[in-house]
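Before any comments, here is the structure.
Residue numbers (this note's numbering): 495 to 1116.
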């Protein structure tokens, strides 16, 4: 296994254009495209709703319970107005107080039972919605693990976190409220209409007069609010990305005294979010008042017409009272559906962003399936070409052979293509032309997991995870015993500093190992790589940011790690690779020189110039 986390890696399939761009992976990546975040557009609302339903439908037993309790609650709410009208006509007007008491107690019982049913319905629906969202969030995180490195090179981590938190929370809120509300509204709406038609057809026609007005107002308001909600979600994701970047880069911000500039940038992004949030809330807030106004108008029409009919003995007072209540129940679901539409639109906007990620091509789609046994470690690059875009090649005609057990050093100016070469070897990126062979087998035909299980990496960015030191080392091979973990730490010269920690190997590290120095974290990554026991090793500037004494410990640990393994070492300090079997000098995406240290100095070419410039700088520093 690799000494770094098993990050997802690219395929030769196109990846969706970035939403926010940051520098590429370890030591390199596709060129960033700065600027504003492109607008998120809806693809297909119906398809998004169907996909949400597939998740919701997995909680079938819970949904059946919700349906039963919703129907029961709706039926109970429809019985109330009918009994109220009966009480007026058969008990209040005839002054039958005994019947009035019995009907009143029955009404109280129905309302209490309705409240209990509503509580159970809400309880079950909460469980259903939370289980649904749990599966959605789990699948999104699993998809993150399945995506290529190129995807993470071109998307800000804060924006991706926003999809897994804010967007899914919007889906959760909508499921929790909208599903039962929609079902309840539809049952109440249809039930009220049927009862109203049975009670009095002319009054029902009057009640339906305002429906076109309701539909028109709902369409106009919700259409506008949907646009604002989508923009709100987009700007929220952008703001989260900026905050994550600013917090992780606090040392740099303070070092260069850029607090005011970053605060101004935050204010700009926050103002944009605030602008769209206010607009979304104001427009969506119009639904309630507008619907209430229309419902009150409807109520006044029915009361007026109904009063006239009662005056002419065309309807009883009890029927009119019941009808007024049913008209309210008929109008209320329409208003609630309009209100729920805003919440649903916010959820759809979030769900679209989640499914947008889930629909991206896996790095394993189209990947080779061949398995492999223990590698000998022979690596051949044959006329390899690569570019992030066809018109901008990074590597052209790169050819070399690394024999098993050889130490190959890659040197050259920044941006020459050194890290790109090892990115292709690990299949973090796919070659554009030529062939890469390991033990004579084309790596494009190999299973990526099988390939990476025999590649070890120690990077300039010594990444450790929250958890114990023991767990961080065991990341290299999860089935390793405690004794094997401790043996790997000793070989990496990490045992000495671990022994001085309060709980030794069981010391819990904070986020990104902030309690350890960079050198200590680097020793842990070397121990992780030793435990993984790779056949091929990649070292990318592993000693670039440590003091001389720590560098000696790391160099000694790396010699232990490289013994008997094919090793690729990327180095800017040429003094660290003088003992390499072969040095490849990379310039402008080509190998311009190769040989050992002495041979390259005798050529008096690019390597000679690089070495002398570093030697002169070292003398001047002294």
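Beta carbons are placed, not taken as given, at the ideal position from N, Cα and C, and that holds for glycine. Bear in mind that the values here come from a model prediction, so they are computed numbers and not experimental data.
Item: Outcome for residue 827 when other beta-carbon atoms lying within 10 angstroms are tallied against a minimum of 16; Value: buried
Item: Bridge-paired residues (DSSP) for residue 935; Value: 932
Item: Opening and closing residue of the beta strand (DSSP E) in which residue 1034 lies; Value: 1030-1034
Item: Neighbourhood of residue 863 by C-beta distance below 7 Å, restricted to the same chain and skipping five residues each side; Value: 941
Item: CB-CB length for residue 652 against residue 753, believed under 8 Å; Value: That belief does not hold up - the Cβ atoms of residue 652 and residue 753 are roughly 19 Å apart, past 8 Å.
Item: Where residue 623 falls, given that 16 or more other Cβ within 10 Å makes a residue buried; Value: buried
Item: Range of the contiguous alpha helix (DSSP H) that encloses residue 545; Value: 539-550
Item: Where the alpha helix (DSSP H) through residue 805 begins and ends; Value: 781-805
Item: Cβ neighbour criterion (16 or more within 10 Å) applied to residue 611; Value: buried
Item: Candidates 698, 773 and 693: closest to residue 721 by CA position; Value: 773
Item: Residue interval of the beta strand (DSSP E) (run including residue 887); Value: 886-896
Item: Cutoff 7 Å; reference residue 756; Cβ partners in own chain excluding five residues on either side; Value: 740 and 747
Item: Residue-level contact to chain D via CB, residue 733, 8 Å cutoff; Value: The structure shown contains no chain D; it is built from a single protein chain.
Item: Candidates 1082, 822, 975 and 1081, of which the one nearest residue 689 by Cα; Value: 822
Item: Under 8 Å between C-beta atoms of residue 901 and residue 1063; Value: yes
Item: Cross-strand partners of residue 1023 (DSSP beta bridge); Value: Residue 1023 pairs with nothing; no bridge assigned.
Item: Any alpha helix (DSSP H) of 4 or more consecutive residues that is wholly inside the segment 694-758; Value: 695-702, 705-742 and 744-749
Item: Nearest-angstrom Cα separation, counted from residue 993 out to residue 999; Value: 8 Å
Item: Beta-carbon separation (whole angstroms), residue 585 vs residue 594, contact threshold 8 Å; Value: 4 Å
Item: C-alpha distance - residue 559 paired with residue 574, whole-angstrom precision; Value: 23 Å
Item: Sequence-distant residues of the same chain with beta carbon closer than 6 Å to residue 933, five excluded per side; Value: 869, 870 and 872
Item: With 16 other Cβ atoms within 10 Å as the buried cut-off, status of residue 512; Value: The predicted position of residue 512 is uncertain, since its pLDDT is 35 and thus under 50; a value taken from the coordinates is nonetheless stated next. Buried.
Item: Where residue 778 falls, given that 16 or more other Cβ within 10 Å makes a residue buried; Value: buried
Item: Same chain, Cβ closer than 6 Å to residue 1106, five either side skipped, listed in chain order; Value: none
Item: Other residues of its chain near residue 499: CB distance less than 6 Å, five sequence neighbours each side excluded; Value: With a pLDDT of 37 at residue 499, under the threshold of 50, the modelled position of this residue cannot be trusted; read the value that follows with caution. Excluding sequence neighbours, residue 499 sits near nothing in its chain.
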